[in-house]
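Below is one structure, written out as structure tokens; the observations come after it.
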Amino acid sequence: MLKSYGEKLPTVELNNTFYRMPKRVVLETWASRVPDDFRFSIKASRRITHIRRLKDAQSEIGFLFQNLEVLGEKLGVVLAQLPPTMKVDVERLKLFLEMLPGEAPVSFEFRHPSWHCEEVYDVLQAHQAGVVTTDAKSDTPEPMRATSSIGYFRLRKPEYPDQELDDIAASIKAQPWAKCFVFFKHEEEAIGPLLAMKFQERF
Numbered sequence: 030m031l032k033s034y035g036e037k038l039p040t041v042e043l044n045n046t047f048y049r050m051p052k053r054v055v056l057e058t059w060a061s062r063v064p065d066d067f068r069f070s071i072k073a074s075r076r077i078t079h080i081r082r083l084k085d086a087q088s089e090i091g092f093l094f095q096n097l098e099v100l101g102e103k104l105g106v107v108l109a110q111l112p113p114t115m116k117v118d119v120e121r122l123k124l125f126l127e128m129l130p131g132e133a134p135v136s137f138e139f140r141h142p143s144w145h146c147e148e149v150y151d152v153l154q155a156h157q158a159g160v161v162t163t164d165a166k167s168d169t170p171e172p173m174r175a176t177s178s179i180g181y182f183r184l185r186k187p188e189y190p191d192q193e194l195d196d197i198a199a200s201i202k203a204q205p206w207a208k209c210f211v212f213f214k215h216e217e218e219a220i221g222p223l224l225a226m227k228f229q230e231r232f
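First residue of the sequence shown: 30, per the working numbering; consecutive thereafter.
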């Protein structure tokens, strides 16, 4: 299934890593089944984002990135999705970013509105960390912020008219990102991959 997927789309977001990190041999197998330019985006463990809440997570961070080394250049972005009840803590964010390996490709999905402020964006930009754009709470995506060279979109609605896909594509092209990862919601009917294939035709 992964081999077939990789022939049609250039990236996938792995959400099961939020609950349990696959063994290195599993990641190696996955990497061997996709083209060289394919990229895996990995959702960070809940131990980092929800239990530790970014604090004192050195061992968990080390374990995560040690395992991800086997992906090599096929590692896309590590998604750090924070709990919706976690309010802004700029100092904690700074300390967490300082714990990451150099140039680790990380993007944050902030689900409490207090995080969306200039002070947070400045910290992210200083560490070349991204901020996720999502429409999970409304019909339109949040305002985009280019705090790193990589954009990251999580589009959660079950369907998108062509005009809406056109508008999102145009807004991405207007940003200074070197590349942008766009993921549609996974559904049992496999609507997400179909939307993704329609969307990539716009680039």
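The beta carbon of each residue, even a glycine, is placed where N, CA and C say it ideally should be.
Worksheet item: On the premise that ALA109 lies in contact with ALA73, defined as a C-beta separation below 8 Å, what is that separation, rounded to the nearest angstrom?
Response: So it is a contact: roughly 5 Å between Cβ atoms.
Worksheet item: Of all the options PHE69, ARG121 and THR58, which has the alpha carbon lying nearest to the alpha carbon of LYS84?
Response: Nearest neighbour of LYS84 by Cα position, chosen from PHE69, ARG121 and THR58, turns out to be ARG121.
Worksheet item: Identify the residues that DSSP records as bridge partners of GLN110: which are they?
Response: Answer is GLU138, bridged to GLN110.
Discussion item. What residue range does the alpha helix (DSSP H) around GLU127 cover?
Written reply: Counting along the chain, the alpha helix (DSSP H) containing GLU127 begins and ends at 119–128.
Worksheet entry | Neighbourhood of SER143 by C-beta distance below 6 Å, restricted to the same chain and skipping five residues each side | Cβ within range, chain order: LYS116 and VAL117.
Practice prompt. Out of LEU124, GLY105, MET50 and PRO51, state which residue places its alpha-carbon closest to the alpha-carbon of ALA86.
Written response: Looking at the Cα atoms, LEU124 is the closest of the given residues.
Practice prompt. Mind reading off the beta-carbon distance from VAL233 to ARG140? Whole number of angstroms is fine, and I expect it under 8 Å.
Written response: No answer is possible for residue 233: the residues shown for the chain start at 30 and end at 232.
Discussion item. Measuring straight from C-alpha to C-alpha, what distance separates TRP59 and LEU31?
Written reply: Going from the Cα of TRP59 to the Cα of LEU31 covers about 7 Å.
Worksheet item: Going by DSSP, what residues sit across from ARG68 in a beta bridge?
Response: Residue pairing by DSSP places ARG68 opposite THR40 in a beta bridge.
Fill in: Sheet register partners of THR176 (DSSP bridge)
Its beta-bridge partners do not exist; DSSP assigns none.
Item to complete: Name the two residues that bound the continuous alpha helix (DSSP H) containing VAL63.
Response: The continuous stretches of alpha helix (DSSP H) do not include VAL63, and DSSP gives it neither H nor E.
Practice prompt. Mark TYR181 as exposed unless 16 or more other C-beta atoms lie within 10 angstroms of its C-beta, in which case mark it buried.
Written response: Buried: at least 16 other Cβ atoms inside 10 Å.
Practice prompt. Below 6 Å CB to CB, which residues in the same chain sit around ARG53 once its five sequence neighbours on both sides are set aside?
Written response: Once the five neighbours on either side are set aside, the close Cβ partners of ARG53 are ASN96 and VAL99.
Worksheet item: Going by the beta-carbon positions, is the gap between ILE71 and THR46 smaller than 8 Å?
Response: Yes, these two residues count as a Cβ contact at 8 Å.
Discussion item. Threshold first: 4 residues or longer. Then list the alpha helix (DSSP H) segments lying entirely within the region 70–110, N to C.
Written reply: Complete alpha helix (DSSP H) runs here, min 4: 87–97.
Worksheet item: Would you say PHE94 and ALA133 are within 8 Å of each other, going by their C-beta atoms?
Response: Contact flag set, yes.
Worksheet entry | Same chain only: Cβ atoms within 6 Å of LYS214, ignoring 5 sequence neighbours per side | Excluding positions up to five away in sequence, the list reads ARG185 and GLY221.
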